[in-house]
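Novice: Take this structure, written in structure tokens, and hold onto it; I'll ask about it next.
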Amino acid sequence: MDIKIKSKERIDDLQRNHLQIIQNPEKFCFGMDAVLLSGFAKVKDGAKVLDMGTGTGIIPILLSAKTGASHLTGLEIQEESADMARRSVSLNHLEEKIDIVTGDIKEAGKLFGPASFEVVTCNPPYMIGEHGLVSENTPKAIARHEILCTLEDVVVQSAKVLKTGGTLYMVHRPFRLAEIISTMINYKLEPKRMQLVYPFVDKEPNMVLLEAVKGGKSRMSVEKPLIVYKEPGVYTDEIYDVYGY
């Protein structure tokens, strides 16, 4: 099958299982946060997975290689991104394992029904307010700012579509950690595991990875810090392991 590559798009090699992804650098490309989330998530064999705000489908595509999930669904509100994700699924011959659905995170419970998934992953918009917001209708702005959905929307809908005992995996920013944890607990998603990500060993963390279990008991473990660079331009061994290099 010939996969159409549109103007300004490119095909990137994911360096894992010969997987590739179609992206448009003028719109939005996946970042390290998505890759780290795919490494942090624990997906049991046979599980059904929903990735909320999937963008161009990077997380379902990576999880198809890293896990034994029986089926993965990517939910994306921007049709242009969803279209790239569908073509990337076809490019990798994953049509039987991955579905891309165009839709609103705020409608996930209605779209998929209650208790439909064992795992939800989400790399949501991090920013609130007007900080750094240039234009509200650009794909980059929608991906980075809470324009079309909020943290609470993600948590509420995750609680709806997860089975009891199911798990939400999220990557976010540490400056919102108190809000994230309190929101999860409020909707009966109990934080169970956390890992802070540091760009360098002597810098402040700039990402946090979280695992929460629907209906879980109150007990959380904090994993050792994940350091991205051991020197400028050189990843640590842990990051190379996540990327699969």
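Residue numbers (the working numbering): 61 to 305. All C-beta atoms, glycine included, are put in the ideal place defined by N, C-alpha and C. Here the structure is a predicted model, which means the values were calculated and not measured.
Does Val-294 pass the burial test, meaning 16 or more other C-beta atoms within 10 Å, or should it be called exposed?
Specialist: Classification of Val-294: exposed, given that the 10 Å Cβ count is below 16.
Novice: Please state whether DSSP places Ser-242 in a helix, a strand or coil.
Specialist: Residue state, collapsed to three classes: helix.
Novice: Is Ile-82 near Thr-116, with beta carbons less than 8 Å apart?
Specialist: Their beta carbons are under 8 Å apart, which means Ile-82 touches Thr-116 by this criterion.
Novice: Could you name the residues of the same chain whose beta carbon sits closer than 6 Å to that of Ile-241, not counting the 5 residues immediately before and after it, in chain order?
Specialist: Taken in chain order, the residues that qualify are Pro-251.
Novice: My understanding is that Val-180 touches Leu-270, with C-beta atoms under 8 Å, so please give their C-beta distance in whole angstroms.
Specialist: Not really, about 12 Å apart at Cβ, beyond 8 Å.
Novice: Quick test of your reading: Phe-177 and Lys-223, contact by CB under 8 Å. State the CB separation rounded to the nearest angstrom.
Specialist: The pair is a contact, with the Cβ atoms about 7 Å apart (cut-off 8 Å).
Novice: First and last residue of the beta strand (DSSP E) that includes Leu-270?
Specialist: Looking at the DSSP string, the run of the beta strand (DSSP E) that includes Leu-270 is 267-274.
Novice: Whole alpha helix (DSSP H) runs in the region 76-147 with 4 or more residues, listed along the chain?
Specialist: List check, alpha helix (DSSP H) in window: 92-100 and 118-126.
Novice: By the DSSP assignment, the alpha helix (DSSP H) with Tyr-247 in it spans what residues?
Specialist: Careful: Tyr-247 lies outside any alpha helix (DSSP H) and carries neither H nor E.
Novice: Check His-205 in the structure and name its three-state DSSP category.
Specialist: In this prediction, His-205 scores a pLDDT of 47, lower than 50, which makes its location untrustworthy; the coordinate-derived value is nonetheless stated afterwards. DSSP places His-205 in strand when its eight states are reduced to three.
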